[in-house]
Each structure stands twice: as C-alpha cells, then as structure tokens.
Amino acid sequence: MMSNFVYYFVVLLCYSITKSEAEYARYYFDYECNEPLLATAKLTATSSLRERGPDNAKLYGVNAWTASENDFDQQLVIDLGTVKNITRVATQGRQHSREYVQEYHISYGTNGLDYVRYKAAGGEVKTFDGNQDGNTVKKNEFEVPIIAQFIRINPMRWRDKISMRVELYGCDYEANTMSFNGSSLINMDLLRDPISASRETIRFRFKTSMASGALLYSRGTQGDYIALQLRDNRLVYNIDLGSGTASSLSVGSLLDDNMWHDVLISRTRRDVIFSVDRVVVAGRVKGEFSRLNLNRQLYIGGVPNFQEGLVVNQNFTGCIENLYLNATNVIYELKQGYETGESFKYQKVNTLYDCPEPEIVPITFLKEGSYAKLRGYSGGNQLNISLDFRTYENHGLLIYHKFKSEGHVKVYLDEGKVKVELFTEGSPKVKLDNYPDEMFNDGRWHALMLTMATDSLTLAVDHRPVKTTKKLRFITGSSYYIAGGKGPPRGFVGCMRRIAVDGNYQRPTDWKKEDYCCPNDVVFDACQMIDRCNPNPCEHGGECTQTADEFSCNCQGTGYAGAVCHSSVHPLSCQAYKNVQAVARSADISIDVDGSGPLPAFPVVCQFYSDGRVLTTVQHSSSVSQSTVVDGYQEPGSFKQDITYDASRAQLEALLNRSSSCSQRLEYMCRHSRLLNSPSEESNFHPFAWWVSRSGQRMDYWAGAQPGSRMCACGVLGACVDPTKWCNCDAEYTQLKAQEFQTDGGDITEKEYLPVKALHFGDTGSHLDEKEGRYTLGPLLCEGDDLFGIAVTFRIADAYIALPTFDLGHSGDIYFEFRTTKENAVLLHSKGPQDYIKLSIIGGDQLQFQFQVGDTPLGVMVETSNRLSDNKWHSVAIERNRKEARVVVDGALKNEIRTAKEPVRALQLSSPLIIGAAMDRKDGFVGCIRALLLNGRPVDLLSYARRGIYGVAAGCEGKCSSSPCLNNGTCLEGYDSYSCDCRWTAFKGPICADEIGVNLRANSMVKYDFFGSWRSTIAESIRVGFTTTNPKGFLLGFSSNISSEYLTIMLTNSGHLRVVFDFGFERQEIIFQGKHFALGQYHDVRLSRKNSGATMVLQVDNYEVQEYNFNIKASADAQFNNIQYMYIGRNESMHEGFVGCVSRVEFDDIYPLKLMFQQDPPPNVRSLGGVLNEDFCGVEPVTHPPEPIETRPPPPRDPADTDMHTTDEAILGTVLAFIFLLLIIVAVVLVRALSRHKGEYLTQEERGADGAADQDQAALHAATGPRVTKRREFFI
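Residue numbers (numbering that gives the first Met the number 0): 0 to 1275.
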C-alpha cells in the first residue's frame, strides 16, 4: 500500500512540474520573442564521441554532445533553417557528470560560410558564462538580439570534457530590406511633420562592399543637422544641435565586408550612445542646446548634393534593413504607402525592395601556406594581371609568374610597401620600389595591376600607374601563383577580390580544387579579417598596429609603458619620486597622480627639505616674479584675469585631495584703490575685488582671512592702518607718498577652494588719476602625500584584510609599497572558480606573481640585488593585460611574461582580494603595507584596520617601536616578534639586560691588551658597575707605557669614588663625594669627555651629572695617547686589588668581560690570580610584562546558512521525535506479544509419569528419577 502511494505521489509531482513548465513557456511564447528554436534545427559539430553526437545537444536531453577532442577548435554549429531573431541562449552540461562547458564564444551568420563573432561593448569578443555542474540550466540574454540562421558555439573553458546541451530562444524575423546602388536615395518629407525632440533612437542593419557612402542625413532651418556616413570602413556620426559646433563619433571597422552589421544610435539631450555590432562608444554633444530640430528633408541611402556635416562625397551602395526612427519602421511604412498609393511623405529613387548579392566575390587567405594557382595564356610576350588586396601584414607574396623562358616576375609586400622583383633572360635580377613613401598594409582595399610587354613594365597601385622601360624579352608561362606558393617572401595573409588574369575575371567560387590550397585555409565569398586595433586596445593614446595574429602598441610620447600603454612611467607624486631615488634640493619632473588612471601626467617642481618635508609646486600662466598692474578699471570686478595652470582641474583636484596641506599666496598692493569695501554686513557685501575658486564660486574673503569673514588678514588681527576698516586698501583716504602702496595679502589654505581660478579687481579709476592696484598670485603649493600615510601593520602571520572582489578583467593593475623582515610570505591572493592571482616574496630577494587565466597557470618573477626583507620600503606594481603580465619592483626592476594570443580571456575573480596572507591564512605576511592602488584608485586600508581586524594595526609600527632592547641593544624587527642584538653592549640575554660580571678577590685581575692596535682618544665613553663592602680598591684603569699617560677609577679608603688621570697636560683628580660606595649596594658609573677633552662628565647611578672643566693651555695636548692596557680589579704593580663584583665594563666599543666569558675568548683578554667565573653581581635581569595574546575570532556565520541549519535542525528534530515515538509503540506491542509465550514455572515431576492416575503410579512409572524441569504457562 505504501509503495502504491509513493508511486502515485511521484507521478502527480512530475505532472505538476511538467504542467508548470508548459504554462511558463506558453506565457513567454505569447508575450515575448522567446520561443525555443532547436526543435527543427540541424546540429553539426567539428568532432564528437560515439553515441554523443551533436543531435544529442538539446536542452533537457538524456544525453549530450561531447567533443572527441578537448581544444579551442571545437565548435557546435546550429542551422535554424531560416533567419531568426535570437534573444537568448541556454546551456547544460552532461547530466549526472562533471562534464560541462564553463565559458564559450558565439559566432553567427546567414550562409554557413562566414561568421561574425559576438562582441562585448568594449570591442573584445564576448565570453559567455557557462555551467558549473552538469544539470543546472544557465541562460544568457543578448542585449541586442542576433539576426542569423547559423549559430556557432565555441567552448573556451570546460570541466573534464567538452559536453553541452543547448537551446536557443527567439522568434521569426521579418525583414524589410531596401537596396541602394550609389545613385539611389529615399526622401522623407519633414515639412509637414517636423522633428523637435530631446531624445531619439535610430536603429537598422546594413551590408555593403564599398568603403564609403552617405547613409542618413537631415537638417533644419536653425542650423541643426545629423549626418551618418560610412567613411573608410568606419561609421561616422556627426551632429549639431544648433550651436554651430559639430560633434563627431566614430565606431566600427572593416564594415565593407558584405556582411550584415547592426547599428544603434540613441540620444538623450546631449548624451549620445553609438553602437555598431554591439561595440559601444559614448559621447556628449558640444554646445548648450539639447533639442534636435529638423524641418526639411530626411535622406536615406544618399543625398542629392553635398551637404554640411558630410565628410564623404558619394552615396551608399548596399542594403539597409529594418530602419527604425524611434518606433517607426521607415522601410515598412514606405512600402505600405506605395502599395496603397498614399506615399505622400516618402519618395524613393532607384531603390529595390531586395538585397541582391554583389558580383564581387572576395576570398580570404587565412594562413601563409594558402594560395591560388590560376591559368593564363602561355607562350605570349605580354601579360596582364590585376586584383584588389587588403591586409595588415608587413610581408607577403601577391603575384608570382614564372616565364616559359628563363626568369620570373614577382610582386610582393616588403615592410608594408609594394615592390616588384624582375628577372628575365639576358638581364640581371632587379627590384623596383615605385611607391617608396607609401604603406599598403593598413587594412584597406588597394587595387593592383601589373602589365608587361616587350621592353616595358607598368605597375599601377590604386589606379596610379608607374611605367618602367628597359630591355625585356620573355615568353609567358601557363600558371600564375596568387598569394603564395612560391617564396620568399612568405605567403600573403588577408583578403583579395577581382582577380583577373590576362583580362579574364575568375570568380573564386568557380575555382576547382586543384586551383587553390588548402581547403581549410581559404574562405570563399567573405573577407574574414579581424581589425584588432578597433576599438583601440592601446590605452592613453598609444598607437596601435597589427598583423593577422596580434596587435602591438607604440607608447612613445604617451607617458605610459607596457604592452598596452597601461602603466605610467612617471611617479605618483614628489614623495613617491623621493622614495625611489636620491634627490637634490629640487627637481623639475612630471607626476601622474592616478597612476594608470585616465588623468595624464603634468609638470611640477619638487622641493625637498632637510627635515623631510616635500613640497609640490604647480605653476600657472600669470607672472610670479613680479606684480601685475591694474589701472583704468573703475567698476567693481571689471578687470578680470583668468588663471591657467600647468594641469587640468581634475588633475589639480586629485593632487589637492592627496596632499596633507596646500596653499597659494595672493597679495594686492593698492594706491587709493579699495578692495573689499569694508566694513559690511553679509546682506550688503559689495566688494570691488574678489577671487574665484576652482569651482567658479565668488569668494567673500581675502587671502589670510577666514571664509565668510569679508575681511583681509589685517582685519582678523585688528592691525589695519584704519582701525575702522577690515582691509588696508579700504582706507582710501590715507596719505601716501609717491610710489607708496598699501598691501593686503596672505596665504589661501582652504583646499576645497584652491587653486584660484580667476581674479577680479575694480576701483582703479583711470589712467590719469592716482588710483592704481598691483596684484601678485603665487603658484599652488602642496605639501606631503597622504597616500603614503595610509599604512597598516600586519603583526600576526595569519591576519589579513579582505577587500571587495577586484575585477582585473582584460586589463588591470595593483600598486603598493611594503616593508618586512620576513623572507617568505604571501602579499596578496584572490581566486575565482578557476582563475587566481597570487603575489609572494620568495627567499627574501625574489618577488613572484602567479596567476591563472583558463587552464594554464603562469608566473613572472623579479629577482633583486638588494634584499626585499631588509625592513625598508619597497614598491611593487603588477599589471596584467591582454598580452602580458608585468611586475615592476622599486620603479626599475621589471620582468614580464607573454600570455596566449588566442583566446583573449578576462581574468575572473570571485573571492575577496586578500591582503597579507593566502586565502587559507597560510604563509602570512608580517610587516607594513601602504599606498595601495587598484587601477589607479587608492584603497583606504586604515579604515579596515580601525575596525579592529584581528592582527592588523593602523600605521606602521613594529615590535621595536617600544624600544624593548635595553642598554643600547639593537632591536631586530620581526613585526610579529623581535630579537635583540647585544653584540655592541656589555650585556647579554633576550633583551640585553643580563649582567656579565666577575667576582674579584684581592689577588684577582683582568687584563685587556690592545696588542699593537693602540688607541688614542679625546672623547672616551667608559662604563663600569660594581658592588663591594670593602672601602678601597682599584676598579678600572687604562695606561700607556709609551706616553706614560693613564686613567684610573677607584674607591678611596673613605669609600668615595675617585678618578685620577694624566693625559699629558697635568695630573688631575676627581672625587665624587657625599656618597659612600662600599655598603654592598650596586652602583653604575659612566665617564666621558667633551669639548675637545677639556670637560670630564661623570654620572653615578641616578645622581645629578657632574661636569669638571680643566684649563688646558692652547699648546697642550688633551688626547689620551697610545692606550696599551686596560685593567680590572688591579694592575700589575699592585699586590691587593678590588674585592667585590664588577660588571658592565665597556670602553667605547670594547667589552672585556663579555669577551673573556664568551665560548672562544680572544687571547688579548685574560684573568690573572686564579680562575674567575661569570657572575651577575646580584642584579636580577629586567623582563618586560607579557603581551596580551590576540585570538583569531571565529569566521562569521552566513545568515542564510544559519537559517538553513535552523530549518534542517527543526526537520531533523521532528523526524527523530517521530521515530522515537514509533519505537516506543513498537516496543510496547512486542512486549505484549512476547509476554503471551514466555511465562515459566518449576516442577518436581519425573519423566514418564505424565499420564499416571495418582502420585503412587507416577513414582512407579518414572523413568528418570526426580529432577527439576521447566514448564511453560500461558497468561492472558
């Protein structure tokens, strides 16, 4: 019963799903162009596995098409039978498997021979997102529907194997076509129904084999016009809204390929979007008007005479289909008007309602090994061969003919120039360069004709013949090689048409198989060239050139470098310039404030100060060195001076926003010329002069005052010459001497108003009176660069900052600076479904950038001569573009790696951009990172650090910033830890705080011998620590037998500290009184000299420093000469020495006790009077309090996961409760059932006595004797 219920439930569920899908589909069939199209389509493929052919490639099918080869050449071709309007595509992989296509390209066409690749708005081939499993349906909509009969799907990325199931959606396509022959046109009368609109849309399709022609034109009586024309294979749209200034947009290339192209023009007020084949350019109409007023004629396909706004002088030749002006189908309306006899609005001239195929049949030679071999007249003494060609290649064979007699003639391209090689019987081989200054590899059609006869050769390119006369004797052969087959040079790659041999035009479609090679390398009836320079892939104005395989960019003069001119060659700022190289006091350079962004570089003057300040100066057009006279302008603000800077407003704003502070000096010198007409109320403020901010705002204060104050600097300070005024210049009746001026000026420091855009002055009378003014405007001065203040510290190896997903796409860059001591670390990491990027430090001197686009991981590494882990700032710039990946370290060291030419893939990242570690928190970076730029835009890392992110701190501060190493120990930064170098101290231990001392007896002595490296000093640094209870003794001494000079530090019999020395000028003695040093306490003594040895400085413990000055004669020498020995405890002339503990002994950079107790002590330091052991002299080492331990917080839980888990837990709890209840019921039933059969009791009956009549008989008949057995008893 249960199984039947499940069966009917499944049937009902499947029926409901099927019904809902059917209703859903029917809804779209009725209301949208969204009908499945593959039901009657024919599917073919380049390859397939057995039983997985292309017929299986239909959505929701039980099988799928699987290619037998897994490469980029696999294609699934769909023939829809007729031209359709295709709006979307849906894909699946092979069900219940890991075989699916993740990315693919789409091409489309109408004849199955020539295809157009579907492009994205930027001009690159669009990559469609595919599937992530074998079952889910992935749909992609076409923003502009595809009009085609044939669809070709080319997988670009797949999992395991190329397997697909596909469905196309759309509807039938109704074409309203009109053909034009160069003398045709359509005239639409706008006099009765003029156009006056702030927005309009024009869309249509066209095909042509001509490079130029007028497509659409109209104008109005107020000067408005629109002009759409084909010029040199590109569409040009000119528009004027009546301002008298034309605006022009251009898009597309190679549009004369006799294939259909989709055009869309949309204008909203002054914003225009212009698209051809989905490649979009946007622009803005010049002028102030926003309405288009057309009230004359609208011409389609041509004009009767040349008109304003046209840049071509011929009409269109080709076909136009479904021309819409807003919602009106013009061709359909024209056709209906002529059919009904009411075509009052339209007039057509020499047009046809059809699109006949042209007689010209082009051919494409795809590879240099392809060619044609055509027959001509043999045995003659003249020849004639002509053709049209177009190519982007520098080299290629165009024509080769071998004479029947000895010799040949060859026409070929050499570095883009057309040349002829001629060799005839009896004559040497010659080369003709008849067009030395012209290039013919520009992608345009060029006509070529070669004519030869006895003693003459004529070569005509683009109908310009050049005749060569020389002795020529030849007999023509039978074969002509076209586009290759006989090298050198290599074969021609490009398109040809109108190929005629000896006057016979031979259509490529009529060629036989033996007439050409090779079938897969030649395309008939289409010119399948790719213009890789349109849209221009070179950024920042780089010049693009190309071959059939790839493009290249010439970045010379752009200020940018790299394969696509993406990265700036100029520093980001004056501060960045200083960071990478040594600087003088000033430098005239150009800076690029946004790096690879759209803003170009501009000139500045950098000034570098000794205190570390960096000042950036931007000059302007007005003179800075001298003031400018203002005279003869009486009306307020009648004198106007516009200020033009060496940078645009956008560049200046970027500089101002990044600078710590900016200022601009403005002064006005006046002679009876008022300035702000002060004092005044805000409502009654009528100044004679003012300055204008960068945004065009008229400012209400003068330089040196505050915004809104209506004052000058003297008014703020209350120091004006007339206390009743707020400016010196407003005191108009002040008595002035000849050539005496009052002055108001100061610095404008408000960055939001800088720089000064314009100056206005008035009240300067006429040239005949005494009124006069003079102004001086200084350059814009900006200090610092806040970008380099945006620094964070990673103090734990598994800490990181997660930035939003960074879209590198086809081209992008990352710039930052880092500082670390770690030799191996991951700096950044991000991943996508398959792609990834990763930047790492390897071995402390290598920077490695790894990335994957598609299936192949790549890497580029830069090795540095200086270590990257040297705790100094290093800059790194990463760029990835269509052609290469590039890494630049410290602005100079660089390396790059070329990526695959085809297919051009965008780098797809979906995870956050992790800074400071790998995504799994391994191989983390510890150190500082600052100045992070993504595609030229700064990222505020400080805002992330201030959120309290685990292991990340604001600023750049390591463990050594708190000076944890004591006693002048050197702190070695680790950022997550530190270590102390105690080599140049008298201490040891982890923080250089452990004493190194020796407990001396009366006969003990430590001697340090300078061994010939005698020292002479005039500013010693001596230190010794001790503890004793004996009130006398020799602590430390230095002597020279050569100069008889010495210095001794000792305790007197009274327990005072005594210093005795003789440096050659006279014996001196110092006693530190007031303190008894023999009480068993530890004391620290420091002794040094300054002032050329004339001042002795003595510091004991924490007592006040004492200085002793000695009167040294000018002729005396205060230098301590030729020090030979250092003694501790006593010297060799003494019998008893110091008794106690001595430590911290140092003399300049010599630490004798430390040397004596090290593992392998040097021979020049030794102990005398018995063995001495190291002692800490009772001074316990200092330790730092333990640092708080940071604990990494658990990862945040996704609310969706929480909800899902809550739901799952509720369902699981319900199921478990039900099962538990069911188990209880089953247990009760089983217990009752078993209780009926398992009741037992004990008996004393014997076997064999069961049927006895009484007890006696039972005993008599018993067979076994007494025994106990179990009997069952039933309870109910």
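Just so it is clear, CB atoms sit at the ideal spot from N, CA and C, and this is done for glycine as well.
Under 7 Å Cβ to Cβ from residue i, same chain only, skipping five residues before and after it: list those, please.
i: ARG506; result: VAL360
i: ASN62; result: ARG51 and ASN55
i: ASP980; result: GLY968, THR969 and LEU971
i: MET1203; result: Caution applies to MET1203, whose pLDDT of 49 falls short of 50 and renders its modelled position unreliable; the value that the coordinates give is listed next. Cβ within range, chain order: n/a, list empty.
i: PRO534; result: GLY121, GLY122 and VAL278
i: TYR434; result: LYS416, VAL417 and VAL460
i: GLU731; result: HIS671 and ARG673
i: ASN383; result: THR450, ASP501 and GLY502
DSSP state of residue i, grouped into three classes?
i: ARG233; result: strand
i: GLU414; result: coil
i: GLU102; result: strand
i: CYS817; result: Note on identity: in this sequence residue 817 is Phe, with Cys being the wrong assignment. Residue state, collapsed to three classes: strand.
i: SER67; result: coil
i: GLY777; result: strand
i: PHE1219; result: helix
i: MET668; result: strand
i: SER1283; result: Not covered by the structure: residue 1283. The range shown for the chain is 0 to 1275.
i: TYR1126; result: strand
i: TYR59; result: coil
i: SER960; result: helix
i: ASN1276; result: Residue 1276 is absent from the structure shown; the chain starts at 0 and stops at 1275.
i: ALA44; result: strand
i: LYS512; result: helix
i: ARG1231; result: helix
i: ALA1226; result: helix
i: GLY108; result: strand
i: LEU931; result: strand
Residues in the same chain with beta-carbon distance under 6 Å from residue i, minus the five sequence neighbours each way, listed in chain order, please.
i: CYS354; result: THR176, SER178 and CYS318
i: ARG1057; result: MET1049, THR1051 and ILE1070
i: ILE194; result: LEU293
i: LEU184; result: TYR298, GLY300, GLY301 and VAL348
i: ALA560; result: CYS554, SER566 and VAL568
i: SER910; result: SER829 and LYS830
i: GLN606; result: SER585 and LEU614
Once the 5 residues before and after residue i are set aside, which same chain residues still bring their CB inside 8 Å of it?
i: TYR504; result: ARG497 and ILE498
i: VAL311; result: SER211, GLY212, ALA213, GLN228, LEU229 and ARG230
i: ARG1165; result: VAL1005, LYS1006 and MET1155
Going by DSSP, what residue range makes up the alpha helix (DSSP H) through residue i?
i: THR339; result: 329 to 339
i: PRO715; result: Checking the sequence shown, residue 715 turns out to be Val, not Pro. Residues 712 to 716.
i: CYS728; result: It is not in any alpha helix (DSSP H) - CYS728 carries neither H nor E in the DSSP assignment.
i: TYR943; result: 940 to 944
i: GLU739; result: Premise fails: GLU739 is in no alpha helix (DSSP H) and is neither H nor E.
i: GLU652; result: 648 to 657
i: LEU1152; result: 1151 to 1155
Where do the ends of the beta strand (DSSP E) carrying residue i lie?
i: SER1087; result: 1082 to 1089
i: LYS83; result: 75 to 91
i: TYR480; result: 478 to 481
* To do: Could you tell me whether the region 50 to 69 touches the region 147 to 164, using the rule of 3 or more Cβ pairs below 8 Å?
  => These segments touch.
Which ranges would you report for the beta strand (DSSP E) in the region 781 to 854 if only whole runs of at least 3 residues count?
-> 790 to 793, 800 to 802, 811 to 819, 824 to 830, 835 to 841 and 845 to 852
Worksheet item: When the Cβ atoms of the region 524 to 538 are set against those of the region 394 to 405, are three or more pairs found closer than 8 Å?
Response: no
- Go through the region 674 to 700 residue by residue and report every complete run of the beta strand (DSSP E) that reaches 3 residues or more, in order. 689 to 691, all fully within the region 674 to 700.
Q | Three-pair Cβ contact test at 8 Å for the region 141 to 154 versus the region 77 to 87 | A | yes
May I have a chain-ordered list of the alpha helix (DSSP H) segments no shorter than 4 residues that lie completely inside the region 550 to 596? 573 to 579
Q | Segments assigned beta strand (DSSP E), at least 3 residues, entirely inside the region 165 to 251 | A | 176 to 180, 184 to 188, 194 to 196, 198 to 206, 212 to 218, 224 to 230, 233 to 239 and 246 to 250
For the pair the region 1073 to 1087 and the region 1011 to 1020, tell me if three or more CB-CB distances fall below 8 Å. Verdict: yes, contact present.
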